[in-house]
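No gaps in the numbering here: position 176 of the sequence shown is 175 in numbering that gives the first Met the number 0, and each next residue is one more. Some notes on the structure that comes next.
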Amino acid sequence: MDGPLLVLDPRDDAPLGARLVDGVRRGILGGLLAPGDPVPSTRALAAELGVSRSSVVAAYEQLAGEGYLELRQGAPTRVARLVVEPEASAPAPRTSTSRPAAVAPASTERAEHRIDLLPGSPSTSRIDERAWRSAWRQAAAAPIPRQSPPRTGLAGLREEIADHLRQARGVSCSSDDVVVTAGTSEALALLGGALLELARERREHDRRRSAPTVAVEHPGYPSARRLLERRGLAIAPLPVDADGLDLDALRRMPRPPEAVMVTPSHQYPLGGRLPVASRLELIDWARAHGTLIIEDDYDSEFRHLGAPLPALASLDRLGAASGRTGDERSAERTVLVGSFSKVLTPWLRLGYLVLPGDQALRAAVLRIRADEPCPVPGPAQEAMRAFLASGALRRHIAATRRDYAHRRRMVQAVLGDLPGAPLSGLDGGLHGVIRLDDAETSAAIVARLADEGVGVAPLADYSAVPGELPGGIVFGYAGVGDAQLGEGLERIRAALLDTLDPARLEG
Numbered sequence: 000m001d002g003p004l005l006v007l008d009p010r011d012d013a014p015l016g017a018r019l020v021d022g023v024r025r026g027i028l029g030g031l032l033a034p035g036d037p038v039p040s041t042r043a044l045a046a047e048l049g050v051s052r053s054s055v056v057a058a059y060e061q062l063a064g065e066g067y068l069e070l071r072q073g074a075p076t077r078v079a080r081l082v083v084e085p086e087a088s089a090p091a092p093r094t095s096t097s098r099p100a101a102v103a104p105a106s107t108e109r110a111e112h113r114i115d116l117l118p119g120s121p122s123t124s125r126i127d128e129r130a131w132r133s134a135w136r137q138a139a140a141a142p143i144p145r146q147s148p149p150r151t152g153l154a155g156l157r158e159e160i161a162d163h164l165r166q167a168r169g170v171s172c173s174s175d176d177v178v179v180t181a182g183t184s185e186a187l188a189l190l191g192g193a194l195l196e197l198a199r200e201r202r203e204h205d206r207r208r209s210a211p212t213v214a215v216e217h218p219g220y221p222s223a224r225r226l227l228e229r230r231g232l233a234i235a236p237l238p239v240d241a242d243g244l245d246l247d248a249l250r251r252m253p254r255p256p257e258a259v260m261v262t263p264s265h266q267y268p269l270g271g272r273l274p275v276a277s278r279l280e281l282i283d284w285a286r287a288h289g290t291l292i293i294e295d296d297y298d299s300e301f302r303h304l305g306a307p308l309p310a311l312a313s314l315d316r317l318g319a320a321s322g323r324t325g326d327e328r329s330a331e332r333t334v335l336v337g338s339f340s341k342v343l344t345p346w347l348r349l350g351y352l353v354l355p356g357d358q359a360l361r362a363a364v365l366r367i368r369a370d371e372p373c374p375v376p377g378p379a380q381e382a383m384r385a386f387l388a389s390g391a392l393r394r395h396i397a398a399t400r401r402d403y404a405h406r407r408r409m410v411q412a413v414l415g416d417l418p419g420a421p422l423s424g425l426d427g428g429l430h431g432v433i434r435l436d437d438a439e440t441s442a443a444i445v446a447r448l449a450d451e452g453v454g455v456a457p458l459a460d461y462s463a464v465p466g467e468l469p470g471g472i473v474f475g476y477a478g479v480g481d482a483q484l485g486e487g488l489e490r491i492r493a494a495l496l497d498t499l500d501p502a503r504l505e506g
């Protein structure tokens, strides 16, 4: 590169960080630097511009999160190889607004798209590779045991998870409360099996009891619902409102369910969050009726608007709901389900349960694990223990939180002003929702975008009530860089405008 990477205009009154980011970004997009080229070190650029090195470091970190730079420990920072297909290679926009006769069911495999905006993918570009490799080296160097991992997981990993939850979510738990699982799905399968075990015990005393019922949110987490149904549990869909689960609908159920599954921190997929008063009401109700609360605390790490609210498990353990003391562990009704899929990568397939003080539930879980040992390999558990102990996860969450906040602003700038297509679900998490009038229109838009190489999901896929298909589309914004996200958002906007204003097509 000949000449300076950027020149700061002293007359520009924009914040220094914004000017640094914008200047480097323009240099890359303008061809001053090619993909793979090294950029000046933070120290050299800071000296050249007469600014603090910390300002340059922060700018480089933001540009790395946006997909423009590649940060590697022990190596020069380089311009990323932006994966943007030439415009000519993209399929031409569809000009037909014909609607399919029915909404196709969700595929069991994640489809391949040129721009994958399907919800559920985090960014992995910020993972500290040095800490990651070090953790796996420690796991590989450990002595090779002759036995399987402990039923509830390695003690060291459970201690680190408990410490992480105390610091990140205020959940006062010990390693004895934690059960290591192969992600959320295996955690729910384990809980489903425990509910069936407890139901069989009750049926010995009351032959009239049927299969245990789990109340779920509608719309809600479809794979979790299907998993529980396959285990033989009955599913009772409950509506959600702007805040999350409709507690009045839960109270109106003819018979209290054995369990209720909720996503209180960021209702999946609509994005509401349950207020503290409603959380306390839910805990009181569950204690009064002996109902287990299954709290899926996903996305709680990424709040973009408003302060984080305490986890249900935290409130339950404090005994705040009914004025009880925390010593009455047997009264607790909340089991926390968590995983590292959204904060790190689904590739890891590692999660956990935090069990309440209910001794019957604990005994049922341990009986199942006696016959079905922990499926997470010991080396993976040891590597995750080392990664957590290094503090790398806390640093990773802090860095990605900034990246996701930036991408959220991109989403709002492109899709936040469309009449007839309100944008929601962006207060936290990694995805957004665009509400539409009907499922057929939504399916047509999803199909058009798929033809153009952009993957999004119809809101109808999340319905828990057969035949009741809400209109809308759900899209993620975390797993791609700025360039791909920008193109994907523009294609979503064009598809929505063409559908909502057919006169555009005629013109």
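Every residue gets a Cβ at the ideal spot worked out from N, C-alpha and C, and that includes glycine.
Distance from residue 196 to residue 366 at the Cβ level is roughly 7 Å; contact confirmed, criterion being Cβ atoms closer than 8 Å. Rounded to the nearest whole angstrom, the C-alpha separation of residue 437 and residue 69 is 42 Å.
Contact between residue 244 and residue 364 does not hold, since their C-beta atoms are separated by about 24 Å, which reaches or exceeds 8 Å. Ranked by how close their Cα comes to the Cα of residue 156, the residues 59, 393, 450, 383 have 383 in first place.
Per DSSP, residue 399 is one residue of the alpha helix (DSSP H) stretching across 391 to 414. Between the segment 221 to 240 and the segment 391 to 401, the count of C-beta pairs closer than 8 Å stays below three; the two stretches do not touch.
Under the DSSP definition of a beta bridge, residue 338 partners with 350. For residue 369, the secondary structure class from DSSP, reduced to helix, strand or coil, is helix. Listed as beta-bridge partners of residue 432 by DSSP are 423, 473. Between residue 210 and residue 223, the beta carbon gap of about 17 Å keeps them out of contact (Cβ cut-off 8 Å). At the C-beta level, residue 432 and residue 270 come within 8 Å of one another.
Distance from the CA atom of residue 42 to the CA atom of residue 496, rounded to whole angstroms, is 47 Å. Straight-line measurement puts the Cα of residue 448 at about 19 Å from the Cα of residue 469.
Within the segment 162 to 235, the runs of alpha helix (DSSP H) that reach at least 4 residues and sit entirely inside it are, in chain order, 182 to 202, 221 to 229. For the beta strand (DSSP E) assignment, the segment 20 to 44 encloses no uninterrupted run of at least 3 residues. As computed with DSSP, residue 77 is found in a beta bridge with 37, 69.
Collapsing the DSSP output to three states places residue 238 in a strand. Spatial neighbours of residue 58 in its own chain (CB-CB distance under 8 Å, excluding positions within 5 residues in sequence) are listed in chain order as 16, 19, 20, 23. Burial is judged here by how many other beta carbons sit within 10 angstroms of a residue's own beta carbon; residue 139 has fewer than 16 and is exposed.
For residue 426, the closest of 443, 165, 387, 301 by C-alpha to C-alpha distance is 301. Between the C-alpha atoms of residue 338 and residue 142 there is a straight-line separation of about 27 Å.
Two segments are said to touch when three or more pairs of C-beta atoms, one from each, lie closer than 8 Å; by this definition the segment 279 to 291 touches the segment 247 to 265. Put simply, of 393, 459, 30 the residue whose alpha carbon is nearest the alpha carbon of residue 125 is 393.
One Cα belongs to residue 44, the other to residue 409, and the distance between them is close to 27 Å. For residue 183, the closest C-alpha among the options 389, 306, 349 is that of 349. Taking C-beta atoms under 8 Å as the contact rule, residue 121 and residue 344 qualify, at a distance of about 7 Å.
When secondary structure is reduced to three states using DSSP, residue 252 falls in the coil class, being assigned neither helix nor strand.
Comparing alpha carbon positions, the residue from 441, 473, 250 closest to residue 498 is 441. Nearest C-alpha to residue 113 among 482, 422, 492: 482. Residue pairing from DSSP leaves residue 440 without any beta-bridge partner.
Per DSSP, reduced to three states, the secondary structure at residue 316 is helical.
Secondary structure at residue 132: helix, using DSSP grouped into helix, strand and coil. Per DSSP, the beta bridge partners of residue 302 are 427. In this structure residue 488 touches residue 414 by the C-beta definition: roughly 6 Å separates them, less than 8 Å.
For the options 368, 166, 474, the alpha carbon positioned closest to that of residue 149 is the one of 368. Looking at the DSSP output, residue 498 bridges to nothing.
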